[in-house]
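A quick write-up on the structure given underneath.
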Amino acid sequence: MNTQTITAALNAVREQKPLVLNITNYVVMNNTANGLLAIGASPIMAHSRDELAEMMAFSGALVVNIGTPDRIWIERMLFAVELANFHCKPVVLDPVGCGASSLRTETSRRIAETANCLIIRGNASEIIALAGAGAGAETAANNKGVDALDASEAAVEAARYLVRHYGSSVVISGEADIIVTKDGEIRLYNGHVMMPFVTGMGCTLSALTGAFAAVGDTTGLAAAAVLGVAGEIAAEQSAGPGSLQLNLLDALYRLDAETLMRRLKLTPSN
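Note that the sequence shown covers residues 899 to 1168 in the numbering used here.
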């Protein structure tokens, strides 16, 4: 995928305004909904089993974020993934805190096993933990809650394993965002050091990944490129994390193809 394809995906999201169904955590619902609206997509937060079948039928993609897991929500997540499979819709898995507890790790793996068209978006520690022994990694990665203690590059081999094992694409978020697919790897060097100080920034990327998947980009690259560039622009206008969160929504809303292409720092490798 080249820069022209990324900008075409951005235009497609704004033209088609895909509905993205989110089963996400209490902490980030507002952030992710506003992020989707700012980029031009349409968010819906659906957590009731009674409406999931109806909602999934006309949604463009499903985003499953396990950030505040419990038994009831896990059952609904798996049910929603089965519905997404039935309707041939892409599933974005955000394995928040995978490796921090056995519940999170086991839930993430069950969801990944169930999904047919899967994109995994996580930080390096979550990706390593999700791959576990299959990639020669320890199940308990360097993870402190939802914070990554591993660099993006440390998770590349684990991501390659996940691509092979689940037939998925993997987005490793960090100082460099690394997109790993069956066709190779792409590294993005956008974003800003202030971004990790805003809660739910990775969750916002997962939600945006769902919007772009709904219009055909199932690699996760376009979403990572857009959020990285928007984050840079927002940081230039921000005194700290509080104003960054507000300015990010404006930057997503105002981002155009010319700015995206001019600022994008992308390195492909195969």
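Think of the CB as a built atom: it goes at the ideal place given N, C-alpha and C, for glycine as much as any other residue.
- For isoleucine 904, no pairing in a beta bridge is given by DSSP.
- Leucine 1147 is a Cβ neighbour of asparagine 932, given a cutoff of 8 Å.
- For proline 1139, the enclosing alpha helix (DSSP H) starts and ends at 1139-1152.
- Straight across, the Cα-Cα distance linking tyrosine 1087 with glutamate 980 is about 35 Å.
- The DSSP-derived three-state label of isoleucine 1077 is strand.
- A direct Cα-to-Cα measurement between alanine 1122 and threonine 1102 gives close to 10 Å.
- Taking C-alpha positions only, glycine 958 is separated from asparagine 920 by approximately 11 Å.
- Separation of the CB atoms of proline 967 and leucine 991 is rounded to 13 Å, and the pair is thereby denied contact status at 8 Å.
- For asparagine 963, the enclosing beta strand (DSSP E) stretches over residues 959-963.
- In the DSSP assignment, the residues bridged to glutamate 1083 are Val1078, Ser1167.
- Inclusion of isoleucine 937 and leucine 1158 in the CB contact set at 8 Å is not warranted, their separation being larger than that value.
- For arginine 969, same chain residues with a beta-carbon under 6 Å away, outside a window of 5 residues either side, do not exist.
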